[in-house]
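Visitor:
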Amino acid sequence: MLRIIPRNDAAVQGNWQKELANAITDPKDLLQFLQLDPENFQSDIAARKLFPMRVPLSFAKRMQKANPNDPLLLQVLPQHAEFIEVAGFNEDPLEEHQAAVPGLLHKYKSRVLFIVRGGCAVNCRYCFRRHFPYQDNSPNKQGWQQALNYIAQDQAINEVIFSGGDPLMANDQQLAWLIEQLEQIPHLKRLRIHTRLPVVIPSRITIELTQLLAQTRLQTIVVSHINHPNEINQELSSAFAKLHEAGITLLNQGVLLKDINDDASILAQLSEALFSANILPYYLFLLDKVAGAAHYDIDEQSAVTIMQDLYQRLPGFLVPRLAREQAGKRSKTPIDIGLS
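Using the UniProt record's numbering, read the sequence shown as starting at 1 and increasing by one per residue.
The following block contains the structure:
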C-alpha cells in the first residue's frame, strides 16, 4: 500500500502548504507510485543518505508510469552514481559557503543573493547547493535585518535576488514583510525571485502573492527553473498566467543534463512550451561541478553542438544563452557557440 498519497487528495490539492507537507520523501513510495519495482533500484535508493529525496505529488503525476528513464524522474530519484567521486567535482563548486553576512551572498557588484529559506519543495539531485550549510545561512527576521542593513549601506546594490533553497518556501506574510523593508531602501530598483516551487507545486502562486508582486514599487522578475517540456502542464501554465497578467516579467533558466535534455529537439520543445506559457527562455547552464552529480555532466563541446542545432530550429528570442558559473567570477561566463 502506498503511504505517500493522502486519503483526501482533493483536499490537499490547491493548498500549497499541504501539498508541500505531503511531498514524497521515500524513493520506494515514488517508485511504487510509478509502477516500478523498488527491488530493482536498491543500489540507487541507498544514495538518499547523501542527499534527501523530496518530490511533490503534483510533479510525480507528470512522470510517465513504468518508465525508469522518465526525464522528470531522473532529476529527482537518488542514483548509485552519486557515490562515485570524480576529480574536479567538490562540495562548494562556486565557493559560496562564505557569506557576506549570514544568508546574503554578494558575488556581483550591483546585486546580492538573499537566501530567504534553506529548504526546497523538490530536491534536484544535480543541485549545486546540495552541500550548502543552510543551517548557518537561514536566518529569521533578526538575521534578515542584518542582511537588510548590509544592502542599505551599499548604494552600488540596485537589485536583490531572492534565492535559497527556494525563497517561496516563505509564506506570503513573511515575503510581504521582507519586500516592504526592501522598498524602503531608495537605491534598490529590482527584485528578482529564483524559484522552482511553483513549477512543482503550481498552487504556490496564490492571489496574495500575485498582488504582492504586482503592487511593489520594485520592478519584479520571477525566474523559474524548468528543464524539460514535460514539466509544463495546464496547471503550471494557468498559475504562471496570473503573474503574467499582473505584469510580472517571467524568465526561465535551466541546466543542461545528460540523458534528460541534452538534445536540440527536446530543448526546442521546451522553449516553445515556455513561450506558450508566457515565460521567456533566459539561461541554459552547464552543470556546476558539485560532488555527487558528475553523471549529469555534458562536456562543453557537446553543449556547443546542441546549441548550434537549436539556433537552426528556433527564432533567436527563443534560444536561451548558454553559460556557466565559475567561482570568483564577477558575472556569468557566456559560452561562445561559434555562430559569427
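By construction, the Cβ of each residue, glycine as well, lies at the ideal position given by its N, Cα and C atoms.
Closer than 8 Å by C-beta to Asp172: which residues in its own chain qualify, once you throw out the five before and the five after it? Chain order, please.
Guide: For Asp172, where only same-chain residues beyond five positions count, the Cβ hits under 8 Å are Thr206, Glu208, Leu209 and Leu212.
Visitor: Within 10 angstroms of the Cβ of Ala10, are there 16 or more other Cβ atoms? Answer buried if so, exposed if not.
Guide: Note that Ala10 scores 48 on pLDDT, short of 50, meaning its location in the model is unreliable; the coordinates nonetheless yield the value given after this. Classification of Ala10: exposed, given that the 10 Å Cβ count is below 16.
Visitor: Where residue 378 and Ile221 are concerned, what is the direct C-alpha to C-alpha distance, given to the nearest angstrom?
Guide: This structure gives no information on residue 378, because the portion of the chain shown stretches from 1 to 340.
Visitor: Do the CB positions of Pro78 and Arg129 come within less than 8 Å of each other?
Guide: No, they are not a contact pair.
Visitor: Ser163 bridges to which residues according to DSSP?
Guide: Within the DSSP secondary-structure output, Ser163 pairs in a beta bridge with Ile115.
Visitor: Could you round the C-beta distance between Pro281 and Leu318 to whole angstroms and report it? I think they count as a contact, below 8 Å.
Guide: 6 Å
Visitor: Where Arg217 and Lys28 are concerned, what is the direct C-alpha to C-alpha distance, given to the nearest angstrom?
Guide: C-alpha of Arg217 to C-alpha of Lys28: approximately 47 Å in a straight line.
Visitor: For the stretch 235-270, which segments carrying the beta strand (DSSP E) assignment without a break, of at least 3 residues, lie completely within its bounds, in sequence order?
Guide: 249-255
Visitor: Grab me the residues of Lys189's own chain with a C-beta within less than 8 Å of its C-beta, minus the 5 sequence neighbours each way, in chain order.
Guide: Asn158, Glu159, Leu218 and Gln219
Visitor: Are three or more beta carbon pairs between the stretch 64-81 and the stretch 109-121 nearer than 8 Å?
Guide: no
Visitor: CA-CA distance, Pro202 and Gly88?
Guide: The alpha-carbon atoms of Pro202 and Gly88 are separated by roughly 36 Å.
Visitor: Using 7 Å as the cut-off, classify the Cβ of Phe51 as near or not near the heavy atoms of the ligand MN, replying yes or no.
Guide: Inclusion of the ligand MN in the displayed structure is not the case, the ligand content being empty and no account of it being possible.
Visitor: For Thr249, tell me which candidate among Ile193, Gln155 and Gln145 has the shortest Cα-Cα distance.
Guide: Ile193
Visitor: Name the two residues that bound the continuous beta strand (DSSP E) containing Tyr282.
Guide: Leu280 to Phe285
Visitor: Hey, Arg324 and Leu286: beta-carbon distance below 8 Å or not?
Guide: yes
Visitor: Three or more C-beta pairs under 8 Å: does that hold for the stretch 19-28 against the stretch 40-49?
Guide: Touching, yes, given that three or more Cβ pairs across the two stretches are closer than 8 Å.
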